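Visitor: Below is a structure I'd like to ask you about.
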DNA sequence: CGTATATCCTGGGCGC
DNA sequence: TGCGCCCAGGATATAC
């Protein structure tokens, strides 16, 4: 489940292995992986053929490779997407979806994605509201909290205007990007905030502290090389991350909270799960939550 | 318009 | 051994 730290690990790896190289052949093995490239797989491949990769970039969970044509190859890894750099003679992965060959006949870039929630597209760069050049599909994605231009005060003000719960807000990529279910739960645990706390009721200082914890947990995971689950996520060269041992709340239902030893609880939340400490993160007054997984 | 919910999709794991 | 169900969840379309 790649979130910001995992995506950034992939970007760094790709930068080293593919920046400066020229794409030759592109093979789309599964049309769903390019479903958001509306002009089709053939057009996707044609826009890349002969193009040199000039740089890599990322915002939130999106990453892209800029091309010498002024366009970019945009990637979202979804739940299980991987971008692997492999020798051409290496056997195809079971869930290989797109293969990129280079004119130097060296290593290939491969998009592997079991669950096919990830996607790739080629798009022109456009200028966003903040004056940055981003692929069109990224225009509505907010800056992520590791971006130097992220505005803490504007975020706090936006939170206070909202009528929603804090975890929904953390997962809203148009408000703050890069955070998924795992790091949302971790940041809330560190902040001692229940996921259902109303955004409008948070004090400015609480928002500042929450942002501090968000940055800390993302930064620590980035240093560790990303969180790895089920072997589905590996970094660009196939090495798993190790952050799972640093998780204090996510996936720890029934285990003792490391602060107070109370068993971590699991609540149904947005058709998935939310993990928190019943004592450190008390439920806000008036909020009733069904326990266990959400009904399907 | 703002917020909430349904939907997409696969296969490993597990109970029977 | 095999069947069927559970489960993971980001982004988007649709509903309220």
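In the UniProt record's numbering, the protein residues as written are 1 to 296.
Cβ coordinates follow ideal geometry from the N, Cα and C atoms, glycine included.
Values in this document were obtained by computation on a predicted structure and should not be read as measured data.
Helix, strand or coil for residue 93? Go by DSSP, reduced to three states.
Guide: Coil.
Visitor: Just to confirm the assignment, what range does the beta strand (DSSP E) spanning residue 119 have?
Guide: Taken as a continuous stretch (DSSP letters only), the beta strand (DSSP E) holding residue 119 covers 119 to 127.
Visitor: What are the complete beta strand (DSSP E) segments, minimum 3 residues, inside the region 13 to 91?
Guide: The qualifying runs are 23 to 28, 53 to 59, 62 to 67, 71 to 76, 81 to 86.
Visitor: Quick one: what's got a C-beta closer than 8 Å to residue 107's C-beta in the same chain, skipping five residues either side?
Guide: Cβ neighbours of residue 107 beyond the five flanking positions: 17, 85, 86, 87, 88.
Visitor: Helix, strand or coil: which one does DSSP assign to residue 101?
Guide: The answer is strand: DSSP assigns residue 101 an E or B state.
Visitor: Beta-carbon separation of residue 174 and residue 119 under 7 Å?
Guide: Result no, Cβ atoms of residue 174 and residue 119 do not sit closer than 7 Å.
Visitor: Just verifying my parser: in three-state terms, what is the DSSP assignment at residue 218?
Guide: Here residue 218 sits in helix by DSSP.
Visitor: Which residue wins for smallest C-alpha separation from residue 277, given the options 214, 194, 25?
Guide: Residue 194 is the option with its Cα nearest to residue 277.
Visitor: Helix, strand or coil: how does DSSP classify residue 274 here?
Guide: Three-state result, residue 274: strand.
Visitor: Compare the beta carbon distance of residue 207 and residue 159 with 7 Å and say whether it is the shorter of the two.
Guide: Yes, these two residues count as a Cβ contact at 7 Å.
Visitor: Taking the C-alpha atoms as reference points, what is the distance between residue 123 and residue 203?
Guide: Each residue's alpha carbon lies about 40 Å from the other.
Visitor: From residue 57 to residue 221, what distance separates their C-alpha atoms?
Guide: Looking at the two C-alpha atoms, the distance is approximately 19 Å.
Visitor: Express the C-alpha separation of residue 136 and residue 91 in angstroms, rounding to a whole number.
Guide: Answer to the nearest angstrom: the Cα atoms are 35 Å apart.
Visitor: I need the DSSP call for residue 230, collapsed to helix, strand or coil.
Guide: The predicted model places residue 230 with a pLDDT of 49, which falls under 50 and marks its position as unreliable; any figure quoted below should be read in that light. In this structure, residue 230 counts as coil in the three-state DSSP scheme.
Visitor: Does the Cβ of residue 127 have 16 or more other Cβ atoms within 10 Å, making it buried, or fewer, making it exposed?
Guide: The residue in question, residue 127, is exposed, as its Cβ has fewer than 16 Cβ neighbours within 10 Å.
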